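Here the protein sequences line up with chains A and B, keeping their order. Under my numbering, the final residue of the first sequence carries the number 230; numbering is consecutive throughout. Under my numbering, the final residue of the second sequence carries the number 1493; numbering is consecutive throughout.
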Amino acid sequence: MIRQGILIVMLLAIFAVFIVSLSDLDQLYQTSADYFREYGAEQTGSNNLVTAILLDYRLFDSLFEAGILLIAVSGIIWISKHDIEEKNARFMLDKFKTPDLFVTFSRLVYPLMLAFGFYIIVNGHVSPGGGFQGGAIVATAILILYYIDAEKETNIGMIVTVEKFLYLTILIIASLSIFTRGTFFTNVFPYDTHGGSNQAIYLVTLNILVGFKVALGLWAIFTAFLKEGR
Amino acid sequence: MIAQLPIVSMVMLLGMALIIPLFKRRNFSVTTSLGFVVLLAVWVLTLLVLWHVRVEGPMTYRFGNYEAFLGIELYIDLFAVLFVFFILSLIMVIYVYSTGDATEGVAEKEYGRYYILLFILLFAMLGIIYTNDLFNTYVFMEILSITTVSIISIKRKKENYTASFRYVMLNEIGSLSYLFGVALLYMVTGYTNIGLVAESIGQHWTAYPANATTAIGFMVVGVGIKSAVFPFHVWLPDAHSTAPSSSSAILSAIVVKVYILIMIKVLFRVFGLSVLDVIPVSTLLIAVAATGMIMGSMFAMAQTDIKRMLGYSSVAQVGYIVMGIGLISVLGLQAALFHVVSHALMKAALFLSVGAIIYKKKIRKVSEFNGMGFEMPVAMVVFTIAALGMIGVPMTTGFISKLNLGLAALDGGQAVLVFVLIVSGFLNALYYLPIIINAFLKDNPSQIRVMRVEKIPKTMLGPLVVLGALIVYFGLFPGVLIRVLEAVAASLL
């Protein structure tokens, strides 16, 4: 009770700081949002400014955020690895516990979710979404498979290996700009080409790779936890 | 061209980490020698950059050539490149040692994983030091702490898992606290680039004092948790004592120091003297540091496990460094930076020599070190040199750093700190000297008293001798290093 009280007081204090600091900042806040609105699409070839920031302006950050996911996945698999080989979990797949209606609907929804995930990944540079978000949706779709097919066996080692290769590919593609633009980690194509269509090739490629990498990573984490659950 | 070298060396380290699994089926010596070649190449590149920066002055590297407020910037100045160079040199020494003894408790098929983690760790540290972006620093901090957790738990024993769990929980609080500080700053300035944030703070910070004060508190506490400043040290002894010896040396000598470098960057680069003069950061840091210097040594005295004792000793030594920072003067900062280097050398030497003894004798209790000077003379002599350095005996780096700290404290008009320094030195003597005396003067009843050279791999003996020699060398001729560090300190303030 005392602990909760202290926690609430601390949260209130943080909230108070935000309130206090929010007053009278109009003349200080030199936002870069105007710049993004004005030049973002032109410079990066992406109508979605979030993708523009993630995959071009601050690609250096995004690459290693993806790297953190990879290291975390390896770590979780490493910690949950046991000497004795264990079967995949079956607790959800117990026919008595999973209602038939749910299984049937899952079968219907699965291809839709997969298609939706791919749509979000591929259109990351024109509409809201992108590799990270679409990858999470694809991963969720794949996880529904566990409801449909209880006996499904997954080889985590394989998933993680593919994920590592994807990450390596992403790094290589992101580094290619050293040859065309003289710096690492930006769009390969210079931004003065007509209409930014070349740049879109790069953005789509990178979004697809990142999407698959994220999907595989989340799939691996989930499978590792599923195994641990037994 | 030369501006590309820092990022090239980072990519090389990351690439090395990613290609290690490809050599899984080859003999393991292929991996270690390739790793050494990569380290050596990066070392040479960094030496080039160091020379260039020393002659031409600092340089910036912008990804995608976007303006500073849009993209991410690396700022390569003497401070950054000097510490990168030092870290790389020390890692190379420890790396050579680890090829003889990554083994302590690590299963043979996990060696590859250990080196993958080592290279990612190094990559993240380079990123933290080079980057000139507050959020980018956070990204690398996360990589660094996740990698550290994996290294701590690599022995797959129960106590490792406990230690790494505790580490991950406290360090996440630290990371989030830092991130919250960054968010507060971003809210008022609209930038994450350190230079631009500093500019905005310097001009306008009186318009948002609550925000700046809270941000500085969150950021310093966050980094303080990660660098084990006294009241936040609880994770350190477990984590550092259960990890394999070579990685204990890396964690204690280098990783903790990297967080201190972030603290220096945050205090002096981001906020600057105009803020620090008004907000009583200095007083708080000095109070915390002084308590830590005494309490860390007190805790260390009570330990029976030698590696835990060294862990607590690190807590006390971090206190010295924070004290130097807290003085907020060129002298104090220079003394703190010197102690970063000197403590890294001494703690690495201590952990590695203890590691050699654990490797050969499989003992960890302080009481079992009786007569060890006759069984393992080289390891024990290096231990003695480093321990004397910790106490602050002349002719070691430890003496020079304490002298500098004392002078800086007197210069800052804080004479009571000199007293704290002396007391802390005595406390260090109280737990280091008995080990040395027992090791060289006391007989171990179960052993015949014959002097012989220990049979441990040469790759382990070499690094020990190098570290011992460096401690004495910088203790006798600190001039060059001190002059360089003085220039660095002056450039930061």
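The C-beta atom is built at its ideal place from N, Cα and C for all residues, glycine as well. This structure is a prediction, so every number in the text was calculated from the model and none was measured.
Taking just the CA atoms, how far does Y1259/B sit from V20/A? 30 Å
Check whether the stretch 1121 to 1137 of chain B touches the stretch 1283 to 1292 of chain B, taking contact to mean three or more Cβ pairs, one atom from each stretch, closer than 8 Å. no
Residues bridged to M1059/B (per DSSP): I1076/B
Compile a chain-ordered list of the residues in the stretch 1260 to 1290 of chain B whose CB is closer than 7 Å to at least one CB of chain A. Cβ contacts with chain A come from no residue of the stretch 1260 to 1290 of chain B.
Exposed unless 16 or more other CB atoms sit within 10 angstroms - verdict on P1463/B: buried
Check whether G1332/B and A1408/B have beta carbons under 7 Å apart: yes
For I1007/B and R1054/B, what's the separation of their Cα atoms in angstroms? 19 Å
Alpha carbon to alpha carbon, how far is V160/A from A233/A? Give it in angstroms, no decimals. Since the first and last residues shown for chain A are 1 and 230, residue 233/A lies out of range.
Just how far apart, CA to CA, sit P1434/B and A1215/B? 45 Å
For the alpha helix (DSSP H) holding G1468/B, just list the boundary residues, first then last. DSSP places G1468/B inside the alpha helix (DSSP H), whose first and last residues are K1458 to L1476.
State the beta-bridge partners of L1109/B as determined by DSSP. Note that residue 1109/B is Lys in the sequence shown here, rather than Leu. Paired residues: none, contrary to the question.
For L1410/B, does the count of other Cβ atoms within 10 angstroms reach 16, so buried, or fall short, so exposed? exposed
Three-state secondary structure assigned by DSSP to K213/A: helix
Counting only Cβ-Cβ distances shorter than 7 Å, please list the residues of the stretch 1151 to 1165 of chain B near chain A, keeping chain order. S1153
Take M1219/B as the anchor and find which of M1169/B, S1177/B and K1265/B has the nearest alpha-carbon. The candidate whose alpha carbon is nearest that of M1219/B is S1177/B.
Any Cβ of chain B within less than 7 Å of the Cβ of D61/A? yes
Cutting at 7 Å between CB atoms, please list the residues of its own chain near D1077/B, excluding the five before and the five after it. V1053, P1058 and S1491
Using a Cβ cut-off of 8 Å, which residues of the stretch 67 to 82 of chain A contact any Cβ in chain B, in chain order? G67, I68, I71, A72, S74, G75, W78 and I79
Return the CA-CA distance between R107/A and I148/A, expressed in angstroms with no decimal places. Straight across, the Cα-Cα distance linking R107/A with I148/A is about 7 Å.
Let me check one thing: in DSSP terms, what residues is N1193/B bridge-paired to? D1133/B
Can you name, in chain order, every residue of its own chain whose Cβ lies under 8 Å from the Cβ of V1330/B, other than the five neighbours on each side? E1486, A1489, A1490 and L1493
At least 3 beta-carbon pairs within less than 8 Å: the stretch 1292 to 1307 of chain B vs the stretch 1416 to 1430 of chain B: Touching, yes.
To the nearest angstrom, how far is it from the Cα of Y1208/B to the Cα of V1188/B? 8 Å
Whose C-beta lies closer than 8 Å to the C-beta of I1194/B among residues of the same chain, with five residues either side of it excluded? So the list reads Y1075, N1132, D1133, L1134, K1265, R1269 and V1270, once near-sequence residues are dropped.
Since W78/A is in the alpha helix (DSSP H), which residue starts that stretch and which ends it? L59 to I79
Using a C-beta to C-beta distance shorter than 8 Å, which residues of chain B count as neighbours of K164/A? L1018 and P1021
Tell me the residue span of the alpha helix (DSSP H) that contains D100/A. D100 to V122
Residues in the stretch 196 to 220 of chain A having any Cβ partner in chain B nearer than 7 Å: Residues of the stretch 196 to 220 of chain A whose Cβ lies closer than 7 Å to any Cβ of chain B: none.
What's the call for T1099/B, buried or exposed, on a 16-neighbour Cβ count within 10 Å? buried
In three-state terms, what does DSSP make of D1305/B? strand
Are any of the Cβ atoms in chain A nearer than 7 Å to that of E1142/B? Using a Cβ-Cβ cut-off of 7 Å, E1142/B counts as an interface residue toward chain A, since at least one Cβ of chain A sits closer than that to its own.
Using three-state DSSP, classify K1158/B as helix, strand or coil. helix
Runs of alpha helix (DSSP H) wholly within the stretch 1351 to 1380 of chain B (minimum 4 residues, chain order): DSSP runs (the alpha helix (DSSP H)) wholly in the stretch 1351 to 1380 of chain B: 1372 to 1375.
Within 7 Å (strictly less), CB to CB, does T183/A reach chain B? Output row for T183/A: interface = yes.
Pick helix, strand or coil for N1171/B, following the three-state DSSP scheme. helix
Against S175/A, what residues of chain B qualify as contacts under a CB-to-CB distance less than 7 Å, listed in chain order? V1011
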